[in-house]
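Q:
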Amino acid sequence: MTLSFFNTLTRQVELFKPIHPGQVSLYTCGPTVYNYAHIGNLRTYIFEDILRRALERFGFKVSHVMNITDVGHLESDADAGDDKMALASKREHKSPWEIARYYEDAFFKDCAALNLVKPTLVCRATEHIAEMQAMVSKLIDKGYAYVVDGNVYFRISKFADYAKLSKRNLSELLEGARVDVDNRKESPLDFVLWFSQSKFPNQIMKWESPWGTGFPGWHIECSAMASKYLGEHIDIHCGGVDHISVHHSNEIAQSEGCFGHPWVNTWMHGEFLVLDKAKMSKSSGNFLTLKSLEEQGFEPLHYRYFCLGAHYRSQLFFSFEALQGAKNAFESLKNRVISWKLDPQKGAHPEKAADYLKRFNEALANDLDMPIALSILWEMLKDTSLGGKAQLDLMRQFDQILGLGVDNFEKAELSPEQLALVQKREEARADKDWAKADELRKELLGLGICLKDTQTGTDWYLSY
Ligand code: AMP
Ligand code: ZN
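When the letters of the sequence shown are read in order and numbered with my numbering, they come out as residues 1 to 464.
1. In chain order, what residues place their C-beta within less than 5 Å of a heavy atom belonging to the ligand ZN?
2. Looking at Thr-456: is its Cβ nearer than 8 Å to the Cβ of Trp-267?
3. How long is the line joining the alpha carbons of Gly-30 and Glu-351, rounded to whole angstroms?
4. On a CA-only basis, which of Met-66, Tyr-356, Phe-318 and Gly-309 is nearest His-38? Give me that one, please.
5. In whole angstroms, what separates the C-alpha of Lys-346 from that of Ser-385?
6. If you reduce the DSSP assignment to three classes, tell me which class Glu-14 lands in.
7. In three-state terms, what does DSSP make of Phe-215?
8. Roughly how many whole angstroms lie between the Cα atoms of Leu-3 and Phe-47?
9. Should Ala-470 go down as buried or exposed, given a rule of 16 or more other Cβ atoms within 10 Å for buried?
10. Answer yes or no: do Asn-151 and Phe-191 have a C-beta to C-beta separation smaller than 8 Å?
11. Taking 6 Å as the limit between beta carbons, can you name the residues of its chain near Tyr-305, skipping five residues before and five after?
12. Taking 8 Å as the cut-off, does the stretch 243–262 touch the stretch 51–58 (at least 3 CB pairs, one atom from each stretch)?
13. Excluding the five sequence neighbours on either side, which residues of its own chain have a C-beta within less than 6 Å of the C-beta of Gln-429, listed in chain order?
14. In or out: Arg-11 buried (at least 16 other Cβ within 10 Å) or exposed?
15. Below 8 Å on the Cβ atoms is my guess for His-269 versus Gly-239; work out the distance and round it to an integer in Å.
16. For a test of the three-state rule: what should DSSP assign to Trp-207, helix, strand or coil?
17. Does the beta carbon of His-302 fall short of 7 Å from some heavy atom of the ligand AMP?
18. By DSSP's criteria, Thr-69 is part of a beta bridge. Which residues make up the other side?
19. Would you say His-237 lies against chain B (beta-carbon separation less than 8 Å)?
20. Whole-angstrom Cβ separation of Trp-460 and Leu-414, contact assumed at under 8 Å?
21. Please state whether DSSP places Asn-335 in a helix, a strand or coil.
22. Check whether the stretch 127–136 and the stretch 225–237 are in contact - that is, three or more C-beta pairs closer than 8 Å.
23. DSSP three-state label for Ala-88, please.
24. According to DSSP, is Phe-47 part of a helix, a strand, or is it coil?
25. If we ignore side chains and look at the alpha-carbon of each, how far apart do Ser-137 and Leu-230 end up?
26. Quick check: the Cα distance between Glu-426 and Gly-446, rounded to an integer number of angstroms?
27. Counting Cβ pairs, one atom from each stretch, are 3 or more of them under 8 Å apart for the stretch 157–168 and the stretch 247–256?
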């Protein structure tokens with residue numbers, strides 16, 4: 001079985017073939033650590049996690065690099081507005097360094113709660129200033145960049161293929177770039193590689209450079225760090241769809257200008273999570289975090305399950321009603337798994353398991369079609385002819401991709417009243433009052449609770 005992915009560069013689903021057999025270099029744009037990640041950001045990281053797990057399932061050794069943007073990202077993804085780190089620093093009366101480390105830590109806590117596999121390597125922009133400067137120098141030497149008043153700009157007119165990822169014509173892109181134009185630029189589309197003091201005189205995060213004391217533009221960090229750790233030719237690069245026309249187009253221009261050859265084979269982009277049909281963004285105030293979901297009674301993995309219900313290339317509309325649906329499905333799956341763990345029966349047709357696994361893998365291989373994969377999961381759950389033992393084994397294999405933590409599913413939670421009934425039955429058993437114990441077992445069964453007596457006590461699961 002071979003993997004196929006939709007490549008934004010060609011707008012086609014293509015057979016995936018790595019540059020080096022058996023190995024994949026994967027670069028995913030990481031968070032800008034000036035605030036908590038919102039659940040939209042997290043949807044993109046969940047998609048990338050499924051990609052990573054899929055590559056590994058299909059036998060590839062994955063080198064996965066993710067950056068941490070702790071400097072250089074302005075309010076707009078182009079060069080307009082204030083520096084996000086400086087704004088957060090003002091808002092919270094902390095240094096930008098403290099802000100960066102605090103939110104980086106919060107980000108990785110969210111990732112752990114969502115069962116995201118850790119990248120092979122995480123790199124911070126502020127720790128790669130020398131690499132960025134080297135690349136900027138090279139771009140100046142090759143005529144792709146120019147210096148004005150200590151700022152260095154990328155010269156778009158020199159890079160003919162600038163629109164190859166966005167597929168937008170230059171006049172359309174120019175229209176978008178006409179906001180807040182910096183008249184040092186030769187063209188409004190040109191973008192900053194290095195800001196010297198001419199842009200933000202009170203900048204706290206700053207470094208010496210051949211062009212003046214200052215800080216790097218946002219885009220150069222990904223080109224510099226990706227090539228440092230993954231080389232000048234990369235298999236897959238990912239991010240959210242908002243990155244296609246500015247950030248990733250700029251990354252391509254810088255990298256290919258510098259290396260003189262194509263840089264990334266496959267570009268993959270996750271569609272947006274949308275809230276009330278508006279873009280989910282921190283600045284618009286529509287800003288939900290994992291913590292805000294938890295405050296409403298939802299666990300991080302309910303949200304992960306919710307995201308798996310939509311294809312990564314479709315917009316996903318968020319509502320608490322829809323999240324509740326995902327929670328119900330997740331909890332019912334969990335109860336099913338607990339019941340198999342307690343009662344791993346042999347079924348009449350365990351050999352059918354291989355076919356379910358094959359179909360699940362096919363869905364995965366077909367551009368990560370998780371909605372189909374989930375529908376196969378539910379078909380398998382209902383197929384009692386497999387038997388609980390085969391179902392559990394299969395579920396564990398599905399879960400290597402789904403990442404729902406099947407092996408951590410423990411006893412279902414009972415209400416205090418239900419627990420009291422279980423307790424009463426334990427007491428009746430201790431008193432050898434078998435009739436009463438049986439009566440209580442039936443009463444619990446009427447409430448949907450199945451009991452299983454073990455050597456260490458009584459376990460239970462919810463019947464369905
Ligand atoms: P940032 O921290 O702003 O650099 O964004 C982190 C990641 O989240 C990037 O890959 C963005 O493309 C992605 N992203 C931003 N907003 C959304 C959204 N509403 N839904 C899905 N992904 C998003
Ligand atoms: Zn990036």
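Every residue gets a Cβ at the ideal spot worked out from N, C-alpha and C, and that includes glycine.
Just so we're clear, the structure is a prediction, and the values are computed from it rather than from any experiment.
A: With the given structure in hand:
1. Cys-29 and Cys-222
2. no
3. 42 Å
4. Phe-318
5. Here the alpha carbons of Ser-385 and Lys-346 stand approximately 9 Å from one another.
6. strand
7. Phe-215: strand per DSSP, three-state reduction.
8. 16 Å
9. For the chain, the structure presents residues 1 to 464; residue 470 sits outside this window and is missing.
10. no
11. Excluding sequence neighbours, Tyr-305 sits near Ala-326 and Phe-330.
12. These segments do not touch.
13. Correcting the residue type first, residue 429 is Arg in the shown sequence and not Gln. Only residues of its own chain outside the window of five on either side were considered, and among them Ala-437 have a CB closer than 6 Å to the CB of Arg-429, listed in chain order.
14. Exposed.
15. 6 Å
16. strand
17. Distances from the CB of His-302 to the heavy atoms of the ligand AMP are all 7 Å or more.
18. Thr-32
19. Absent from the structure is chain B; it holds one protein chain and no more.
20. 7 Å
21. helix
22. Cβ pair count under 8 Å is three or more, so yes.
23. helix
24. helix
25. 21 Å
26. 18 Å
27. yes
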